[in-house]
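Note that the sequence shown covers residues 27 to 144 in the working numbering.
Using N, Cα and C, we set each Cβ at its ideal position, and we do this for glycine too.
Okay, so here's the structure we're looking at.
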Amino acid sequence: QVQLVESGGGLVQAGDSLRLSCAASGRTFSSYGMGWFRQTPGKEREFVARISRSGISTYYADSVKGRFTISRDNAKNTVYLQMNSLKPEDTAVYYCAAGVVYGTFEYWGQGTPVTVSS
Numbered sequence: 027q028v029q030l031v032e033s034g035g036g037l038v039q040a041g042d043s044l045r046l047s048c049a050a051s052g053r054t055f056s057s058y059g060m061g062w063f064r065q066t067p068g069k070e071r072e073f074v075a076r077i078s079r080s081g082i083s084t085y086y087a088d089s090v091k092g093r094f095t096i097s098r099d100n101a102k103n104t105v106y107l108q109m110n111s112l113k114p115e116d117t118a119v120y121y122c123a124a125g126v127v128y129g130t131f132e133y134w135g136q137g138t139p140v141t142v143s144s
């Protein structure tokens, strides 16, 4: 089992950048594929990005491709989401997730809010 704690959310202006972090507990962080999702009130949780256990493979939602970058540091048990050129429509609570099978996620963090003002 793994516990996930996100940080780095906040209030920014359109065009700004923000980096989210997700710290994982346990000694088996490198055994998990990791992902970022987001959710706004009244909407379903939306996939943002995922990264393989080694960090070699990544995949992004079309809405963030070219603006967001997912990365991980297995030595620090941390996954990151670098968000550039932020838009008001990126406003959401961002969740970190982990899964044993790449592309599936069993463990979730509590979320960190991101607000982008126009």
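Same chain, Cβ closer than 6 Å to residue i, five either side skipped, listed in chain order
i	result
Gln-29	Ser-51
Gln-108	Arg-45, Thr-95
Tyr-85	Arg-76
Arg-93	Asn-110, Ser-111
Ala-87	Phe-73, Val-74
Asp-116	Val-142
Cβ separation of residue i and residue j, assumed to be a contact under 8 Å, to the nearest whole Å
i	j	result
Phe-63	Tyr-121	5 Å
Val-140	Leu-44	6 Å
Arg-98	Val-105	4 Å
Ser-47	Gly-61	Not confirmed; about 14 Å, so no contact.
Same chain only: Cβ atoms within 8 Å of residue i, ignoring 5 sequence neighbours per side
i	result
Thr-54	Val-28
Val-127	Gly-59
Ala-40	Leu-112, Lys-113, Pro-114, Val-142, Ser-143, Ser-144
Ser-78	Gly-59, Thr-84, Tyr-128
Gln-65	Arg-71, Glu-72, Ala-118, Val-119, Tyr-121, Gly-137
Ser-57	Arg-79, Val-126
Val-38	Leu-44, Leu-112, Val-140, Thr-141, Val-142, Ser-143
Under the three-state DSSP convention, the category residue i falls into
i	result
Ile-96	strand
Ser-33	strand
Gln-108	strand
Val-38	strand
Arg-76	strand
Ser-143	strand
Residues near residue i in its chain [Cβ-Cβ closer than 7 Å; skip 5 each side]
i	result
Trp-103	First, the residue type needs correcting, since residue 103 is Asn and not Trp in the sequence shown. These residues qualify, in order along the chain: Ala-49, Ala-50, Phe-55.
Within the stretch 110 to 141, note down every full beta strand (DSSP E) run reaching 3 residues or more, in order along the chain. The stretch 110 to 141 contains these whole beta strand (DSSP E) runs: 118 to 125.
Contiguous beta strand (DSSP E) assignments of at least 3 residues, all confined to the stretch 46 to 74: The beta strand (DSSP E) runs of length 3 or more contained entirely in the stretch 46 to 74 are, from start to end of the chain, 59 to 65.
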